[in-house]
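S.K.:
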């Protein structure tokens, strides 16, 4: 897949005060505790956002919508990233850009 | 082919926008639980169901239908289904749960009303104005539709003179208490879960149960709303020995329910792992959310009996109450 990078992607996704991808330190606690065993974990999705890889991000819809939003990762995140808000923001972005909702 | 999730989300979005609920069920069915209870309409304090318990039999049928269609050529008809549904509400035509399937969920609401009366709480009910909160749509990121709907719900509260709301399920509780204040300017309604209200006021049980039950905390109620001690205190008061599974309290494990609508197989796998954790500590379990109850029950089959916490508490508080009690009782704080 050829990836076009969009430097404004994080701004397009961001809901005021909720999107906190830059706070993620890639420590992997979210990966360790996720009850859903997501194929691609929040930190990887955040990485795509920070890179501006919109096409790659939109190709991960199953991961984005299969997050349980249970918040177990958020409860234990040492960086205090609001992961559930972030996942919801990604869904909002996909609803608009992929599904035209 | 897999289910086209854009069309599934689109149908839920259209329903909320056009008809006020992700699965618009007839008002008569949504309010049936309150028949004969003599609950006054509206008032300063109301018991708000947000239709979550009433929706469960419909959600079960919808998920079953999607499971049958998933990975078959029929999944390709979803876009057509969405177009038809815009013109004609397909929910009451396609989803028709049996009365005996609906009855246990209606009974939960009746039990909650009974317990609040035992606790001396005066409250009304909004009947046709007891609208769905938008919880599932919010989780799916349908922010604009949910924001518009939230204004409709708050307008219904204001129209009925409501200032205090008692909620019955975790998802509605967090929508009203945590999400709505970010969506509706000047939101000033006081929102409490019935478990929080009961924990302060319910008198000692007259028929303590003497049972050991594994407690499944709701992710939303424990983590988002911080309601952890209240269900434990109420169960202990009802004579229940609360058995804590490996993941419990604020670190509770999800039931899988939130993704059931889009990925039923993933939901089943998560629920199965949770049932194992519960089975390891007690012969039966107790839940406090309708989505948890239905998902864990499916995974547990006959291996772990599960009940809603309201049912357990109701069994321990047997003294009959009458509709007239509400007129002489205290208002909830």
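Residue numbers (our numbering), protein chains in the order written: chain A, 34 to 134; chain B, 6 to 338. The beta-carbon is built from N, C-alpha and C at its ideal position, and this holds for glycine as well.
For residue 125 (chain A), which residues from the same chain have a beta carbon less than 6 Å from its beta carbon, with the 5 sequence-adjacent residues on both sides left out?
M.R.: Residue mapping note: residue 125 (chain A) aligns to position 92 of the first chain, counting from 1. Taken in chain order, the list of residues that qualify is empty.
S.K.: So what does DSSP say about residue 131 (chain A), is it helix, strand or coil?
M.R.: Residue mapping note: residue 131 (chain A) aligns to position 98 of the first chain, counting from 1. In the three-state reduction of the DSSP assignment, residue 131 (chain A) falls in the coil class, being assigned neither a helical nor a strand state.
S.K.: For residue 108 (chain A), go through chain B and note every residue whose CB falls closer than 8 Å to its CB, in chain order.
M.R.: The count along the first chain starts at 1 and reaches residue 108 (chain A) at position 75. Result: 228, 255 and 256.
S.K.: Spell out whether any CB of chain B is found under 8 Å from the CB atom of residue 59 (chain A).
M.R.: Here residue 59 (chain A) refers to the residue found at position 26 of the first chain. No - not a single Cβ of chain B is within 8 Å of the one on residue 59 (chain A).
S.K.: Return the residue from the list B:121, B:63, B:14 and B:236 that minimises the CA-CA distance to residue 42 (chain B).
M.R.: Walking along the second chain from the start, residue 42 (chain B) turns up at place 37. Residue B:121 is the option with its Cα nearest to residue 42 (chain B).
S.K.: Do residue 159 (chain B) and residue 199 (chain B) have their C-beta atoms closer together than 8 Å?
M.R.: Counting from one through the second chain, the residue named residue 159 (chain B) turns up at place 154. Counting from one through the second chain, the residue named residue 199 (chain B) turns up at place 194. No; because the gap between Cβ atoms is not below 8 Å, this pair is not in contact.
S.K.: Skipping 5 residues on each side, what residues in its chain have a beta carbon closer than 8 Å to that of residue 31 (chain B)?
M.R.: The sequence position of residue 31 (chain B) within the second chain is 26, counting from 1. Excluding sequence neighbours, residue 31 (chain B) sits near 97.
S.K.: Quick check on residue 133 (chain B) - is its C-beta less than 8 Å from some C-beta in chain A?
M.R.: Here the question's residue 133 (chain B) lines up with position 128 in the second chain. By this cut-off, residue 133 (chain B) is not an interface position.
S.K.: If contact is defined by three or more beta carbon pairs under 8 Å, each pair taking one atom from either stretch, is the segment 205 to 212 of chain B in contact with the segment 83 to 96 of chain B?
M.R.: no
S.K.: Can you check whether the C-beta of residue 101 (chain A) is within less than 8 Å of a C-beta belonging to chain B?
M.R.: Here residue 101 (chain A) refers to the residue found at position 68 of the first chain. Taking Cβ atoms only, chain B reaches closer than 8 Å to residue 101 (chain A), which makes this a yes.
S.K.: In angstroms with no decimal places, state the Cα-to-Cα distance between residue 230 (chain B) and residue 224 (chain B).
M.R.: Here residue 230 (chain B) refers to the residue found at position 225 of the second chain. Here residue 224 (chain B) refers to the residue found at position 219 of the second chain. Whole-angstrom Cα-Cα distance: 9 Å.
S.K.: Give me the Cβ distance between residue 50 (chain B) and residue 127 (chain B), rounded to the nearest whole Å; I'm assuming they're in contact under 8 Å.
M.R.: Residue 50 (chain B) sits at position 45 when you count from the first residue of the second chain. Residue 127 (chain B) sits at position 122 when you count from the first residue of the second chain. That pair is a contact at about 6 Å.
S.K.: For a contact meaning CB atoms closer than 9 Å, what does residue 131 (chain A) contact in chain B?
M.R.: By one-based count along the first chain, residue 131 (chain A) stands at place 98. Chain B residues near residue 131 (chain A): 11.
S.K.: Determine, for residue 32 (chain B), whether the minimum Cβ-Cβ distance to residues of chain A falls below 8 Å.
M.R.: The sequence position of residue 32 (chain B) within the second chain is 27, counting from 1. Cβ-Cβ to chain A under 8 Å: no for residue 32 (chain B).
S.K.: Mapping DSSP to helix, strand and coil, what is residue 170 (chain B)?
M.R.: Stepping through the second chain from its first residue, residue 170 (chain B) is reached at position 165. Strand.
S.K.: Can you list, in chain order, the stretches of the alpha helix (DSSP H) that have 4 or more residues and sit fully within the segment 196 to 272 of chain B?
M.R.: 199 to 206 and 234 to 242
S.K.: Do residue 324 (chain B) and residue 123 (chain B) come within 8 Å of each other at the CB atom, strictly closer than that value?
M.R.: Translated into the one-based positions of the second chain, residue 123 (chain B) becomes position 118. Translated into the one-based positions of the second chain, residue 324 (chain B) becomes position 319. Yes, Cβ-Cβ distance for residue 123 (chain B) and residue 324 (chain B) is below 8 Å.
S.K.: For residue 334 (chain B), I'd like the list of residues in its chain whose CB is within less than 8 Å of its CB, leaving aside the five on either flank, ordered along the chain.
M.R.: By 1-based counting over the second chain, the position of residue 334 (chain B) is 329. Low per-residue confidence applies at residue 334 (chain B): pLDDT is 45, beneath 50, and the placement is therefore not dependable, though the value from the model is reported in the following sentence. Taken in chain order, the residues that qualify are 122, 125, 126 and 127.
S.K.: Within the continuous alpha helix (DSSP H) that includes residue 68 (chain B), where are the two ends?
M.R.: Residue numbering aside, residue 68 (chain B) sits at position 63 when the second chain is read from its first letter. It spans 57 to 74 - the alpha helix (DSSP H) in which residue 68 (chain B) sits, taken as one unbroken run.
S.K.: Apply the 10 Å Cβ neighbour rule to residue 265 (chain B) and answer buried if 16 or more other Cβ atoms are within range, or exposed otherwise.
M.R.: In the second chain, the residue the question calls residue 265 (chain B) occupies position 260. Under this definition residue 265 (chain B) is a buried residue.
S.K.: Let me know the secondary structure DSSP gives residue 65 (chain A) once reduced to three states.
M.R.: For the purposes of this step, residue 65 (chain A) is taken as the residue at position 32 of the first chain. Note: residue 65 (chain A) maps to helix in three-state DSSP.
S.K.: Along the chain, where does the beta strand (DSSP E) containing residue 132 (chain B) start, and where does it finish?
M.R.: Here the question's residue 132 (chain B) lines up with position 127 in the second chain. Careful: residue 132 (chain B) lies outside any beta strand (DSSP E) and carries neither H nor E.
S.K.: Less than 8 Å between CB atoms is the rule here; does residue 61 (chain B) satisfy it with respect to chain A?
M.R.: Within the second chain, numbered from 1, the residue matching residue 61 (chain B) stands at position 56. It does not: the Cβ of residue 61 (chain B) has no partner Cβ on chain A nearer than 8 Å.
S.K.: Run down chain A in chain order and give the residues with a C-beta less than 7 Å from the C-beta of residue 145 (chain B).
M.R.: Here the question's residue 145 (chain B) lines up with position 140 in the second chain. Chain A residues near residue 145 (chain B): 124.
S.K.: Could you tell me whether the segment 293 to 310 of chain B touches the segment 56 to 71 of chain B, using the rule of 3 or more Cβ pairs below 8 Å?
M.R.: yes
S.K.: Would you call residue 222 (chain B) buried or exposed, if buried means 16 or more other Cβ atoms sit within 10 Å of its Cβ?
M.R.: Within the second chain, residue 222 (chain B) is the residue found at index 217, counting from 1. Buried: at least 16 other Cβ atoms inside 10 Å.
S.K.: Are the segment 111 to 119 of chain A and the segment 53 to 73 of chain A in contact at 8 Å, needing three or more beta carbon pairs?
M.R.: yes
S.K.: With 8 Å set as the bound, which would you pick, yes or no: does the beta-carbon of residue 110 (chain B) sit closer than that to a beta-carbon of chain A?
M.R.: Walking along the second chain from the start, residue 110 (chain B) turns up at place 105. Chain A has no Cβ within less than 8 Å of the Cβ of residue 110 (chain B).
S.K.: Looking at C-alpha atoms only, which residue of B:290, B:304 and B:211 is the closest neighbour of residue 313 (chain B)?
M.R.: To locate residue 313 (chain B), count along the second chain from 1; it is residue 308. The residue with the shortest Cα to Cα distance from residue 313 (chain B) is B:290.
S.K.: Please report the straight-line C-alpha distance between residue 22 (chain B) and residue 150 (chain B), rounded to a whole angstrom.
M.R.: Within the second chain, numbered from 1, the residue matching residue 22 (chain B) stands at position 17. Within the second chain, numbered from 1, the residue matching residue 150 (chain B) stands at position 145. Here the alpha carbon of residue 22 (chain B) sits roughly 6 Å from the alpha carbon of residue 150 (chain B).
S.K.: Shorter than 7 Å, the distance from the beta carbon of residue 231 (chain B) to the closest heavy atom of the ligand PLP, or not?
M.R.: Here there are no bound small molecules, and the ligand PLP is not part of this structure.
S.K.: Show which residues of chain A have a CB atom less than 8 Å away from the CB atom of residue 267 (chain B).
M.R.: Counted from its first residue, the second chain places residue 267 (chain B) at position 262. In chain order: 98 and 99.
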